[in-house]
Amino acid sequence: MVWTAKRSAREPKDGLTSDELASIYLYTLEWPEGYDSFYKLLNQKLRSKQRKHLKPWFSYLKLFLTGLYKLPSIRKNIWRGIPGNVSHLYEKDCIWWGFSSCTGTMATVEQFFDRSSERTLFLIECINGKDIKAYSAHDDENEILLMPGAYFTVIDKYSPADNLYIVHLREESPPYQLLEPPFDLTSVNTTTVLPKSQAASEPTAADIINLPCADLVSCTTSNDFVNNMAISASKKKKSDESTTNDKKDHEVTTSNNSKSNQTTKTITRVKSTLPVMSSSFSAMKVTKTDDGKTSAQPKSSQLADNTVTDKVAISTKSKSTKGKQNPVSDGSPFHADKTWLDIQFHDKENKKVKQPDELENEMNEPDAIINDRILNCIQGSMIGMALGDALGAHVEFRPRQYLVANPVTDLGSGGTWGLNKGQFTDDTSMALCLANSLVACHGFNAYDQLVRYKWWYEFGYMSSTGHCFDIGAATSNSLREFERRQNIFAKKFSIPLIDMDCLSDSKLLQKFDVYCSEEGLSGNGALMRLAPVPLFFYRDPLVAVEYSGVSGQITHGDRKAYDACRYYGALIVAALHGYAKEQLLDDDFYQKHTEWFRNNQLHPHIKSIAKGSYKKDGYNDGIRGKGCVVAALEAALWAFWSDDNSFEKGALAAVNLGDDTDTTAAIYGQLAGAHYGYRNLPERWLEHLYAKKFMEKLSKWIAYEGECWQK
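Residue 195 in this note's numbering sits at position 152 of the sequence shown, and the numbers go up by one each step.
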């Protein structure tokens, strides 16, 4: 196996020596049946109470860790899981450290376990994970390694479903350094690593760079089973006590990202589905503002000449830019008055993004008279969505049984994500990205929408916390696929990768496939962010309905997601046209408006909802706040139908269904807010809503730009 690793890494790569590459490759190898794999043997010794058991591994560890330290650290929400309930071992605010393999989504981890048996999942907000995909024996998979010496604070723990226990952890800076880096990290760049001098009694980084292959071989041959958690210790426990038992012997099946060739691959190790993206920020124009702060600007108005809707057979009305010679934009009239549309940072390192509540004071407003009734509807929909999101955020993933015993009656804080009262989650963040794109591009531009979603994913653009959290599996997979396609496209057409986020050439953009989702993905993530599209295009119902579907389809490829967005978009359009509630909830609404859908029939599941399947006795009669778009649409319409003309009652009912509480309520808020209007939203909730002023002003721009588009 050592020679296999050596053969796979004969040449240096990415600043790592061939032996460093081989050490990572060796760690990921699965050995023949009947033999414990290398990582099992290593982790067994790492967990040993006898230091002498680990000493034969020191040379390998030095090599392995040197290679890992040369890799960039990533900041992501990641997951790992173990069989059984060990949540009681993790007291709030205790700290542990370990050397662990993780995955990017809860769904991936869940595939390892029998859901009828107890299991514990760890949701980890990591800041120094190491993506080893490019150096692994499984190069079609993505594994995130947590480094030894990392500290994690227990934020919360809860049981969102039967037999499922979740422990929420956040990586923190350790109070003292447990593992000294093998070299001066400040000297690392993309091509060279300068070793740090060590004491005479210790080998230097230079000493271990060219260790002979023999040094990779352990003299230990134990065949005892060992799990993949190397070290796990609470500060309330002795440092040599193990607290988890995580196996790597389960199998999981995953599909590739091709619509035409759906294949499955067996994975015998926990792998990450959330790798670090390749320099997303480098694809933006970076400038310094007058106050010396760094600003990244996509010159977004120049994207307006292309709607990127190759699957939409409707006329477009986006403004066009004529006479361009370059494939990227070279100027933006928004630079002076709409810099808040673009991603901006506080620091030169582009680590601290400007958040919506900071940008709201920089925003200007349209110099035009906006219809008061329409603005009331648009603000009601946008802010109603955010209120529903914030209302359910602190109990997200809580099961129905928990909420029956502890019903939500007001905005809360803490809980699942540790948010302040009034802060929103991914639902509203993505909707703000979408709204910003519509305003910046003067119309629908799917490519620009994906760019902004990517900024949110990578940098926390439009997040209430300044970083991406609570991202769904379908969305994260689609955004990774989008960036992969950007890289391929840049090479094919000889475009600098740094310019791909501000691509403006209409002919080139028409060649870019923006439908980045696998087929069959029908999560509620497509519907939760929908509102800006029908609010912008409501004046032309045919366009509004079709774009509503496309806006979801670019990240959720299932027909049900597309049609759920089309139908709900039509209802929001009707609300802005002044339809009464009885008309919106008419069982024949769809049949009476088939021309809005261009006679393109709805999926049977969505058509059933359109005919009134949601009109029943709530949870006891089958209404569920689940992550599937069909269940989410039905639950939101049930809440609207049964709310007795009270936004507050409907939003609380949506949240108290349990499970995906924030998204169910956010979807409810889009339609209910559009119908009831901003002035009828609960004042006591509005007082605490994060970035309310930003959304008020953005709603005015949606109204203004939508009218300009129509003209």
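Cβ coordinates follow ideal geometry from the N, Cα and C atoms, glycine included.
The model shown is predicted, which means the values in this text are computed figures rather than measured ones.
Do residue j and residue i come within 7 Å of each other at the CB atom, strictly closer than that value?
i: GLN626; j: SER424; result: no
i: ALA48; j: GLY431; result: no
i: SER130; j: TYR208; result: yes
i: LEU477; j: LYS497; result: no
i: HIS731; j: LYS464; result: yes
i: ARG213; j: GLU168; result: yes
i: GLU73; j: SER66; result: no
i: GLY110; j: GLU54; result: no
i: PRO758; j: ARG162; result: The question about residue 758 has no answer here: the residues shown for the chain are numbered 44 through 754.
i: TYR733; j: SER507; result: yes
i: ALA746; j: CYS420; result: no
i: ILE412; j: LYS743; result: no
i: ALA604; j: GLY612; result: no
i: LEU454; j: LEU475; result: no
i: ILE597; j: TYR504; result: no
i: GLY427; j: LEU724; result: yes
For residue i, which of helix, strand or coil comes out of DSSP?
i: SER343; result: With a pLDDT of 32 at SER343, under the threshold of 50, the predicted position of this residue should be treated as unreliable, and no value is reported.
i: TYR194; result: strand
i: LEU724; result: coil
i: GLY595; result: helix
i: ALA177; result: helix
i: GLN634; result: helix
i: GLN422; result: helix
i: ILE413; result: coil
i: GLN387; result: strand
i: GLY461; result: coil
i: PRO376; result: At PRO376 the pLDDT is 31, less than 50, meaning the model places this residue with poor confidence and gives no usable figure here.
i: LEU732; result: coil
i: GLU63; result: helix
i: HIS211; result: strand
i: LEU552; result: helix
i: ALA653; result: helix
i: PHE640; result: helix
i: TYR719; result: helix
i: GLU161; result: coil
i: TYR25; result: No information on residue 25 is available, as it lies outside the stretch 44 to 754 that the chain covers here.
i: ALA436; result: helix
i: ARG118; result: strand
i: GLU403; result: coil
i: ASP453; result: coil
i: ASN128; result: coil
i: TYR610; result: helix
i: ARG50; result: helix
i: THR148; result: coil
Take the Cβ of residue i as the centre, count every other Cβ of all protein chains shown within 10 Å, and call the residue buried at 16 or more, exposed below.
i: LYS788; result: Absent from the structure is residue 788, since the part of the chain shown begins at 44 and ends at 754.
i: ASP157; result: exposed
i: THR637; result: exposed
i: PRO539; result: exposed
i: ASP548; result: buried
i: ARG90; result: buried
i: GLY592; result: buried
i: SER216; result: exposed
i: THR452; result: exposed
i: LYS397; result: buried
i: GLU392; result: exposed
i: VAL557; result: buried
i: PRO115; result: exposed
i: GLU439; result: buried
i: PHE512; result: buried
i: GLN93; result: exposed
i: GLY621; result: exposed
Does the beta-carbon of residue i, which I'm using as the reference point, lie nearer than 6 Å to any heavy atom of the ligand NAP?
i: ALA411; result: As far as ligands go, the structure on display features none, and thus does not contain the ligand NAP.
Since residue i and residue j are thought to touch, with beta carbons under 8 Å apart, how far apart are those beta carbons, to the nearest angstrom?
i: LEU570; j: LEU619; result: Going by Cβ atoms, the distance from LEU570 to LEU619 rounds to 18 Å, so no, they are not a contact pair.
i: LYS113; j: GLY147; result: So it is not a contact: roughly 22 Å between Cβ atoms.
i: PHE388; j: LYS381; result: Contact flag wrong, Cβ pair sits at about 17 Å.
i: ASP630; j: GLY665; result: Not a contact, Cβ separation roughly 18 Å.
i: LEU462; j: ALA436; result: 5 Å
Quick check on the DSSP output: what are the complete alpha helix (DSSP H) runs of length 4 or more inside the stretch 514–539, in order along the chain?
516–535
Which complete beta strand (DSSP E) runs does the stretch 469–513 hold, if anything under 3 residues is left out?
none
Where in the stretch 70–111 do unbroken runs of the alpha helix (DSSP H), each at least 4 residues long, occur, reported from the N-terminal end onward?
81–89
4 or more residues per run - each alpha helix (DSSP H) lying fully within the stretch 559–605
568–571, 575–580, 584–596
Please specify which runs of the alpha helix (DSSP H), each continuous and at least 4 residues long, are wholly inside the stretch 683–713, giving them in chain order.
690–698
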